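Colleague:
In the working numbering, the protein residues as written are 1 to 204.
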């Protein structure tokens, strides 16, 4: 299993650590769904896309919201990397479950596809999205009751830990988290790389 779990675009150059081929020979499908509640001009999403393209990779954009499981599998299996954008974590998880993306990506990851995520895209790779409580607007996904996520790893992620505007939220969340799953606090200059049994943090 190969995972790249980041907080921002700053660490994307480290994504190549997981490649089996040259970046110019590596195909990436970029899932934009999480950013939809914020409109079309989403700086962090474009920063991720630009950073991946700067590596030399071919990048195709995909909104998986209205797709069905079989269609998703046919599309996603053509790519070396599935990169899931940041955005609203509730909205993302809701459509991950409704579309069958969760079933498809679990199958693909365990057969060699690289899973990459930024912010919300990283959070859904963990057992639960509870670490995003109060940071994202849950009303955009009123039907979402089960916050369990993909569970590729046995820890949770709190992204953007170095952003001053989130200081109060982070303090409250960490205080409430005592006794729960292991929680990684990721700054925007850090990412977690999982390559088989090896888990390490990389920095810029």
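Backbone N, C-alpha and C define an ideal beta-carbon position, used for all residues, glycine too. Remember, it's a predicted structure, so these values are computed and weren't measured experimentally.
(1) Taking 8 Å as the threshold (C-beta atoms), are residue 7 and residue 188 in contact?
(2) Answer yes if the stretch 131-145 comes into contact with the stretch 105-116, meaning at least three C-beta pairs across the two stretches below 8 Å, and no otherwise.
(3) Given a threshold of 16 other Cβ atoms within 10 Å of its Cβ, counted over all protein chains shown, does residue 84 qualify as buried or as exposed?
(4) Give the secondary structure of residue 129 by DSSP, where H, G and I count as helix, E and B as strand, and everything else as coil.
(5) So, residue 2 versus residue 15, is the Cβ gap smaller than 8 Å?
(6) Report yes or no: do three or more beta-carbon pairs, one from the stretch 58-70 and one from the stretch 120-127, lie closer than 8 Å?
(7) Let me confirm a value: residue 43 is counted as buried when at least 16 other C-beta atoms fall within 10 Å, else exposed. Which label applies?
(8) Restricting to Cα atoms, I'd like to know which of 40, 130, 157 and 10 is closest to residue 144.
(9) Entirely within the stretch 60-108 and at least 4 residues each: give me those alpha helix (DSSP H) ranges in chain order.
(10) Do the CB positions of residue 159 and residue 186 come within less than 8 Å of each other?
(11) Cutting at 7 Å between CB atoms, please list the residues of its own chain near residue 77, excluding the five before and the five after it.
(12) Find the nearest neighbour of residue 21 within the set 167, 55, 40 and 37, judged by alpha-carbon distance.
Modeller: On the basis of the supplied data:
(1) yes
(2) no
(3) The Cβ neighbour count for residue 84, taken over all protein chains shown within 10 Å, is at least 16; the residue is labelled buried.
(4) coil
(5) no
(6) no
(7) exposed
(8) 130
(9) Taking only runs of at least 4 residues, the alpha helix (DSSP H) segments lying wholly in the stretch 60-108 are 69-76 and 89-99.
(10) yes
(11) Answer for residue 77: 108, listed in chain order.
(12) 55
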